[in-house]
Every structure is written in C-alpha cells, then in structure tokens.
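K.L.:
One structure follows; several queries about it will come next.
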Amino acid sequence: MGEKNIKISNGVNKDLPKAYNPQDYEDKIYEKWEKSGYFNPDICVREKVCAKNAKPFSIVLPPPNVTGHLHLGHAVMLALQDIMVRYHRMKGDKTLWVPGTDHAAIATQSKVESLLWEKEKKTRHDLGRAEFLKRVEKFAKDSHDTIIKQSKKMGASLDWSREVYTLDEKRSLAVRTAFKKMYDDGLIYHGSRIVNWDPKMQTTVSDDEVEWKEEKTPFYYLKYGPFVIATARPETKFGDKYVVMHPDDKRYKKYKHGEKIELEWINGPVVATVIKDKVIDREFGSGVMTITPWHDAIDFEIAQRHNLDKEQIIDKEGKLLPIAGEFAGLEIKKAREKIVAKLKKKGLLVKVEENYIHNIAINARGGSLIEPQIMKQWFIGVNKEFKRGGKKTTLKKLMQEAVRSGKIKIIPERFNKVYFHWIDNLRDWCISRQIWFGHQIPVWYKKQENKKTRKQENSGEEVYVGIDPPKGEEWIQDGDTLDTWFSSGLWTFSPLGWPKKTEDLKTYHPTSVMETGYDILFFWVARMILMTTYLLDDIPFKTVYLHGLIRDEKGKKMSKSLGNAIDPLEVIKKYGTDAVRLSLVIGSTPGNDVKLTEEKIAGYRNFTNKLWNISRFIMQNAKVKNQNDNSKFKIDYNKLTLADNWILEELDEVRLLVDKKIKGYEFSAAGEILRDFTWDKFADWYLEIAKIEGDKSNILIYVLKNLLILWHPFMPFVTEAIWSSFVPLSGTTEDKQDNLLMVEKWPKVGSSISVGVDARDGGAMLKKDEMNLIKDIITSIRNARAENKVEPGKKVKAVIYAGHLKDLVGSQVDLIKGLRTGISELEVKEKGEKIENEIYIAISGIEIYLIGGIDKNKEKERIKKEIDNLEKMITAGEKRLKNKEFRAKAPAEIVKKEEEKLKSFQEALEKLKKQ
RNA sequence: GGGCAAUUAGCUCAGUUGGUUAGAGCGCUUCGUUUACACCGAAGAGGCCGUAGGUUCGAAUCCUACAUUGCCCACCA
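With numbering that gives the first Met the number 0, the residue at position 638 of the first sequence is 637, and numbering never jumps.
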C-alpha cells in the first residue's frame, strides 16, 4: 500500500506479491479504521452504517491492568470480543465496545515498590504518600500507553473515544456514590473481624486473593495438662487458654464444658478452660486442640460462638508480642526453634512428626505469607438484610436470583454450579486496604485531641461518609484505600456515565455479553453482578462467555519465569495478527483451556496466505469492464454450469451456518466451516474447475466477496487488505476512506442466490448431490491410477457406463477429463459389455473402465480391498435390517435410508465380483 | 474432605437434543512443479471413542461404578 505505491489498473492490483506479508498492511489498515470513526457507534449512525433505532449490542472490555504487557490472555479476549463486535457492526446493530484500564491497586503498587527498592533502595515510606503516588501514576501512565498500543496490534475495534480508567474522575465519583449508598443502607460497616494480613506489604488481602501452598514441616505433639495437642506452629501457642474437644468424644467424657484446669505451659502455669464444640474432628491427632482466635479464622469462629477472650500474640510486623515473655520481639519463624527447645527442656514435647504436609497461606499479589489478624476494617455485609421493592433481601440473594432466574446466562453452563457454590460460602467482603494506590475511602473522622491512631481509639468518634469531602478543616479522611475489585464491580455501568443518567447508559446497559476468563468468575463477574443488582436494580450483562486459559504444549500455565510463554507481539510480527487470532479461536471451546504452539499459529499463517492467493488468482483472471463498477458483475442464472450451481448452493449453506454458529457463541465451529469451504471446496475444486470452464469472473467475485465478509470478524486485516486492492469488491480506490470492508453489510441469511436449491422437486437430485457424484468419479479415478501406479504423465482412455445418470455424467466430460484424471478420451454410455483386463471402478450405479493403465496385481489388490470393505458394510446393514425390532421401532426415515444404503452396496459388490 | 471437567488417529482437538462407513489441523507414507499459492497440489495409511456393567431396535453421545489426569472450593488444629 502507501509506500509500495501499488498501482491499480482496470480495477485490479496486479502487482500483489506472491505471499501475503502482514507487516506491510496491518498498521496502516488499523489507522484507516480508526480514522474512519466507525469504531464509534455514533459515527456509524451519522454515516448510516447503522440505523438510528438499530438494536444495540454492547461489550465493555475487561480492563487490562496497568502493570504489564499484552499477554495471550489479553489476546484471546480481544480476539473473541472483536469477532462478536465486528459481526454485530456488520449486521447493522448499534455496536459499542468500550475500552478501559484497571489501576489494579495492590498489583501495581507492589510492582512500583519493588522497582523502587531495586533501583533506589528506598521504601514507599522514604518517599511519603504524595511523592510515592506520583511515582505510581507515572508508572501506570507508561504501562497504560504500552498496553493500549499493543491492544491495537490485535486489531481490536474498540471505541477509543470512550476510553476510561478505574481511577479517573468520573469513575472515582461512581465509586464514592456506590460507597455512600451502601453505607447508608447499612451494607457497608466498620468492624473488627479476622482478616488476611500481609505483614510484608502491610495490608489486608481479600479471601479470594489468598493462595494456598503445600509445605513440609515438623508437626509437634505437646503435653497440655492431661491432654496432648498437636501443632505445626508452636510459636502461636503462648496465649492458648481454651482446650476444645468434641462433645460426643467418649475419651474426654469426664471433662465438662466450662471446666477449668490448671496446668504448666510454655512460660509457666496457666488456667485452661474446657470447651466442647462439634467442629472438632475426633479422628485427627488426639481429638483435642487449643485455639488461637486472634490468628486463625476457625479459632476465631469458635471463640465467637462461645464468647471467649481473644488475645493478640503476633504484631503487624510478624513479631512476637510481650505475651511471649522471653521470646517477645522475635520474628515468628526464628522463634520457633527456641520455643521448641524450651518445650523439650520442660518435658512438654511428646513427639515430633517430621515431613508433615500442611498448607500455608500466601498473598497471591505479592507472594508473602499471610498472617491472620483481628483488625478493624470496612466490610460489605453480604447477608445483611435491606429493603428492595418493599421486600427484604440480601446481596447474596440478589446475586443468586440474577442467575437462577435465567436473566443472566453463563456459557458454559457448568459454571452456574461453581458460581452458586461460591456464593453459598461467601463471607463478608473486606474492602479496605492499607496500601496507598487506589480509591481512598470516602470516610472522614473528626479531629480529636490526644488521638493516637483511629484504629486503636475509634469508639465514639464522629464519622462523616459522603460523596464529597465535608466542609471545614476539622475532618481527616480515612487513610485506607478500597479493594480494586470494588471499582471493577461497577465496570459495566460506570464507563457509561453512571451515576449520571446518560444516553449511553440508557442505550447500552445492560451490556450484551461479558467475555472473560473463567479464572476471574469470582473476583470480578460475581462482584459485577453484586454491584449492578444492588445499585441499578438490573443485571450487568445478559450473557457471560467464559474462555479457557492459554497453556503451553504440555498443558502448563505460560509464564515468563518458566520460559514457556509465547509473546503475542512476537508471533504477530512473525505470522501476522490474523494467524494469531485464528490460532486462539479455532480449536477452542468455552471454559476449556487451549494448548497453543507456534506450529498451530504457522498453520493459520498458511491459511491466511491461501486466502490471499485465492484472491490473487481471481483478480488476475477477472474480466472487469469498468474499473469503478463494483455492482454490475451480475450472475447470469441461465448459464450456470453444474459446478456453478454447486458452489453457490454450498455458499448459501455456509452463510447460514456461520451466522448461526456466531450467534450461538460457537466461534471455533464457525471458523472451521469457513475454512473447509474456502480451502477444500472453493480453492481445491471450484478454482480448478474455473480454469477449465472458462470465464467465471462474476461468480468468482461474488463468492470471494461473500467469503471476505464472512471471514472479516475472524481475520480483519488480510480481508480488508484484499478488499481494498480490488475495485470490484470495494468499489473504491486505494486513497479513499469509504467502503471499508469493516462496515460492509453482513449477508442476509436465507436470501438464497443460487438456483440449485429452488430446483428441488420430487425425486430430482440437488445440484450439490449431482456435483458430489462427479467429484466422487474424479477422486475414484485418481485413486485407481495411483494404486495401479500409473505414471502421472500417462494418458488413459476411459469408458463410463452411467445407467440413468448418463446425461448428467455426459454433461461433465470436460471436468472429468480436465481435473487431473489423466484421461485422453472419455466415452459415456448408458450400459455396455464387460471390458477384460482393465482398471475397473464401481460407484453407486456407475461403472468406470480405465483402459491402458492396468497393473494386474495392483488392480487385484485394490479390488479385493474394495470387496472386503463392501462385505463388511453389507453384513452390518443386513444384520440391522433383519432385526424386527429395528424395523418396528426406528423411524421409517432411518429404515429407508438403511435399505437404500444396503442396496447400493450390494449392487456395487455384485459388479466388482464379476470382474 | 467436597465439587467440576477431561480421557476420541502419533500430536492438538471437534463431535449441541442417541441414527450414513466417527471428523479436522499438524505430523507420517507415496507421488507431483498443471498459467493463484511449496506458507502448494493429488492419493493414502492410521481409531475395540479410558475400563467394566446397564438403558435402548441402535451408544463416542444417556445412566452407574472404577481408573488416570487436570482444575476449583474447603483449610484438620
């Protein structure tokens, strides 16, 4: 294009290179699309690409984090969504795809913190909040620019004029508005509960962001008065003064609930209280345990149930508190050995089980160990009742109802179960974080004299919660920030302008589809449903399409550290975007992981090139009268050959199927149908036929035009490149902006153009069936030649006895001779004598002799193989038809088919045996 | 511990209401440069559809067990 200064003469660019080189086209085409403005539905309406009152189709892009680079997860999501979006845009729907990015609070902050340490050996505290945030924002900005640029490389037709960011002003307003409403309804509360504390990052982490890892560790059995308790963490046991056992455990029948026992413990005598609780597993260890409510979620619950004291043992830095006596101030890991030594010395250590495997909790975002703590934090109460339409409900119920009612459909369906299970086990959502990067909580406290920190001295404090800060100087804002998923939860409507009642919100919400990876069903999809049902009293999207994860050829997760990651940008450079898109979409089904190899991408690069060359062939042979004439290549339906009818019939079917499959979210199937038609039927058969049957410009251009339209959503670049290189397709020359394939009308399904379908009447064969017979004859001849080892260059004579199909076969002599069958003379008769010592082929009512090519042994072998195969088929068919129950119970249609099948096998067998 | 999925050709995978001889791509074998394409064309080989039962006229498909693999949830001190 541009630089290459390609000439178009007589409507055709005849200088197209032999192989398609994506790099020469992609960036320029994307630029052209962007300039056209058609990514924006408002412009589509203005330019009449879609009607003003067209039905809307909308998707909000799952916002990539502003931390890193485009990876294959992004690539697959961009490809799938772009297919849907381009399809709907071409259908004339008012189509909107909203781009955005996510500040990804913890992930981004921890990345910047580690960079800061790496480069300057400084912590965020060295810089202070304001300066540190400046650094984060700079990083986020650079990162944002990178990922946006990379998303464009994928060909994503996003409406960049509507781009949003979770931390921008309007989205921040949405966040504060949501917070205030939930607070006013009593759904957000400030309370002391056990949370996941990351001592290294100094923040809480949500339940969903805790990862569990197996670890081998010694398991200590300790003497606790008359009991033996087992633990992997002796360093937490200082404050244990409750000993818990199952109420029905006979071994401990004599101990009563509430009974106090004096015993010797790590740092001296303590008084232990017996607690009976059914949570205890009698089979595990000795069936007795002590509890540490401050640092363990289960223990916390037991303590809550029985109203027990809770004591903090470990401080927020992960060091032991004064309760540990001589061990105070030690880091817990370092303290363990010393404590065990002391226990041993005191005779309290009963035994040690080495190699015990237990799970440790890790912060998925930062990688450091989680230490549960009781802390005062902000929570969303998921079981808290509130009124909705006069009835009492809870957030959990709203979330369940949205899916149970069928208003939201999840693909694949099996994730419904996962979703409901997650909700059933959902605890109150801790939304406050102690990091700096994010939405600062819109809560203010009245300044107090002698105040230490609000966390320690909060009771009776005056609190202000508002969308805007309170007037007056005497208020201090809460220093915590919100969990990043709080703002993500608003993501289907905050980008459309909520809380303002905008046109966009009215038109495009609820969105049509949420397309994302199944790995963030809980993190994100569920929270969007929570926020939308509560705040808007509506669903966020009608369909959730969950794609699988991209893995390497061994099924391993791709990661930089493993070195098995395919970088989408690298393979785009090497094979082109279209090939990468196809390799991610074809051969993958919703919810299932995809194993991707470079060979697979190379395979689709080959296909891209095939389409290119199909087009090149058509262009080079096109006889186009007027160079600006894109509509006058009319098909003369009175002059169609059998092959013409056939290809048009097939195209009809492909249009119907592809449309149906895309609508049904079966993108892989749609792609495979298209590839099969394009390569096997159109290129390998029809183009070869076109070389024989003479000028077919009109039909070839018609089919190509349809193909490019149908392929466009899948491989937008090469299709657009071909489109703009050939005037009869686009009706435009290179330098013009209009008539982009991107906004070409999708063919109306059912608007059949072929006559073959219409010719269907009683008993007559479909053109498709007739053509398949001819193809079958040709293939059989080629096969018989190959099996007989007939020299490729050697011509043979052929005689066909075609019975009642004589006219049909007779009319296709040119094709049978011309399509690499090596036949010099061909005679078609109704019937005739057996011809001795020649190659013989029998297919459904037709007999073929190839004269002058026989290799007696090879031919004998070939015929025997055929006979064996037929006999097998006949035996199976006879058995089925002899079965009375089959005749009685199977549908008549099936029985008839079986009978016909058997008959044709028997006929063929008879003929073969006579040879 | 609970749940979900997968198991089909050497490899990666389709197979949506049970019904022609179970398909595709890659790989493999043999052959071929014929006015688009070797990133190509032609022909072919290759499968007791994980195992064992069951339902049915008929099962890769539905049911039940089992086996192997993977994932999610729970977090047994």
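Note that the Cβ used here is the ideal one computed from N, Cα and C, for glycine as well.
All of these numbers come straight from a predicted model, not from anything done at the bench.
#1: Which same chain residues end up closer than 8 Å to P509 when comparing Cβ atoms and leaving out the 5 residues on each side of it in sequence?
#2: Identify every residue that forms a DSSP beta bridge with N64.
#3: Residue range of the beta strand (DSSP E) that G267 falls in?
#4: In this structure, how does DSSP classify F385 when only helix, strand and coil are distinguished?
#5: Between Q372 and K315, how many whole angstroms is the CB-CB distance? I'm expecting something under 8 Å.
#6: For the beta strand (DSSP E) that T202 lies in, which residues bound it at each end?
#7: Exposed or buried, which one is V921 when buried takes at least 16 other CB atoms within 10 Å?
#8: Helix, strand or coil: how does DSSP classify F299 here?
#9: Can N195 and F237 be called in contact, C-beta distance under 9 Å?
#10: Measuring only the C-alpha atoms, how far is F38 from W159?
#11: Does the separation of the CB atoms of T576 and M153 fall below 9 Å?
#12: Look at P494 and G547 and say whether their C-beta atoms are less than 9 Å apart.
#13: Our contact map puts P411 next to L545 with C-beta atoms below 8 Å; I'd like the distance itself, whole angstroms only.
#14: Given this structure, state the Cα-to-Cα distance separating K375 from G190, to the nearest angstrom.
#15: Which value, in whole angstroms, describes the spacing of the CA atoms of A669 and V442?
#16: In chain order, which continuous runs of the beta strand (DSSP E) of length 3 or greater are located wholly inside the stretch 342-429?
#17: Would a C-beta distance cut-off of 9 Å place Q22 and K572 closer than the cut-off?
#18: CB I700 to CB L814, shorter than 9 Å?
#19: Evaluate the contact criterion for the stretch 90-102 versus the stretch 139-158: three or more CB pairs, one atom per stretch, below 8 Å.
#20: Helix, strand or coil, according to DSSP, for D23 in the structure here?
#21: So M83 is in the alpha helix (DSSP H); what residue range does that whole segment cover?
#22: Could you pull the DSSP bridge partners for M741 from this structure?
#23: Name the two residues that bound the continuous beta strand (DSSP E) containing W474.
#24: On the three-pair Cβ rule with 8 Å, is the stretch 50-59 touching the stretch 165-173?
#25: Look up E597 in the DSSP assignment and say whether it is helix, strand or coil.
#26: Ordered along the chain, which non-local residues of its own chain (more than five positions away) have a Cβ less than 6 Å from that of Q80?
#27: Alpha carbon to alpha carbon, what distance is there between W745 and V209?
#28: Where does K766 land, buried or exposed, given buried means 16+ other C-beta within 10 angstroms?
#29: Quick check: the Cα distance between Y220 and G324, rounded to an integer number of angstroms?
#30: According to DSSP, is E918 part of a helix, a strand, or is it coil?
#31: To which residues of the same chain is N625 closer than 6 Å at the C-beta, ignoring the five residues directly before and after it?
#32: Counting along the chain, where does the beta strand (DSSP E) carrying P55 start and finish?
#33: Give the secondary structure of L825 by DSSP, where H, G and I count as helix, E and B as strand, and everything else as coil.
#34: With distances taken from CA atoms, which of N424, V464, W435 and E472 is nearest Q447?
#35: Helix, strand or coil for V48 per DSSP?
#36: Checking the sheet assignment: what are the DSSP bridge partners for K910?
P.N.:
From the atom records:
#1: Around P509: T491, T531, D537, I538, P539, F540 and K541.
#2: N64 is bridged by DSSP to D101.
#3: Looking at the DSSP string, the run of the beta strand (DSSP E) that includes G267 is G267 to K275.
#4: F385 sits in a strand when the DSSP states are folded into three classes.
#5: About 7 Å separates the CB atoms of Q372 and K315; that is less than 8 Å, so the two are in contact.
#6: T202 to V204 is the extent of the beta strand (DSSP E) around T202.
#7: No statement about residue 921 is possible, as the shown extent of the chain runs from 0 to 914 and does not include it.
#8: F299: helix per DSSP, three-state reduction.
#9: For N195 and F237, no; Cβs fall outside 9 Å.
#10: Linking F38 to W159 through their CA atoms gives a straight-line distance of about 8 Å.
#11: With a cutoff of 9 Å on beta-carbon distance, T576 and M153 are scored as near each other.
#12: Result no, Cβ atoms of P494 and G547 do not sit closer than 9 Å.
#13: Right, the Cβ-Cβ distance comes to about 7 Å (below 8 Å), so this counts as a contact.
#14: Between K375 and G190, the C-alpha separation is close to 5 Å.
#15: Cα to Cα, the separation comes out at about 52 Å.
#16: The DSSP assignment places 348-362, 370-379, 385-387, 390-392 and 408-410 as complete runs of the beta strand (DSSP E) inside the stretch 342-429, in order along the chain (cut-off: 3 residues).
#17: A distance below 9 Å separates the beta carbons of Q22 and K572.
#18: No; because the gap between Cβ atoms is not below 9 Å, this pair is not in contact.
#19: In short, these stretches touch, since the Cβ pair count reaches three.
#20: DSSP places D23 in helix when its eight states are reduced to three.
#21: Counting along the chain, the alpha helix (DSSP H) containing M83 begins and ends at L71 to K90.
#22: Bridge partners of M741: none, in fact.
#23: Secondary structure note for W474: its beta strand (DSSP E) is the uninterrupted segment W474 to Q476.
#24: Touching, no, given that fewer than three Cβ pairs across the two stretches are closer than 8 Å.
#25: Residue state, collapsed to three classes: helix.
#26: If the five residues before and after Q80 are omitted, its C-beta is found closer than 6 Å to the C-beta atoms of I58 and E514, all from its own chain and listed in chain order.
#27: About 47 Å.
#28: K766 counts as buried, since at least 16 other C-beta atoms from the protein chains shown sit within 10 angstroms of its C-beta.
#29: Going from the Cα of Y220 to the Cα of G324 covers about 22 Å.
#30: Lying outside 0 to 914, the shown extent of the chain, residue 918 is not represented and no answer is given.
#31: Since pLDDT at N625 reaches only 49, below the 50 mark, its modelled position is unreliable, and the value read off the structure follows with that caveat. Nothing listed; no residue qualifies.
#32: Element bounds for P55: P55 to V59.
#33: It is a strand residue.
#34: Of the candidates N424, V464, W435 and E472, the one whose C-alpha sits nearest the C-alpha of Q447 is E472.
#35: Assignment of V48 by DSSP, reduced to helix, strand and coil, places it in the coil class.
#36: None; K910 has no bridge partner.
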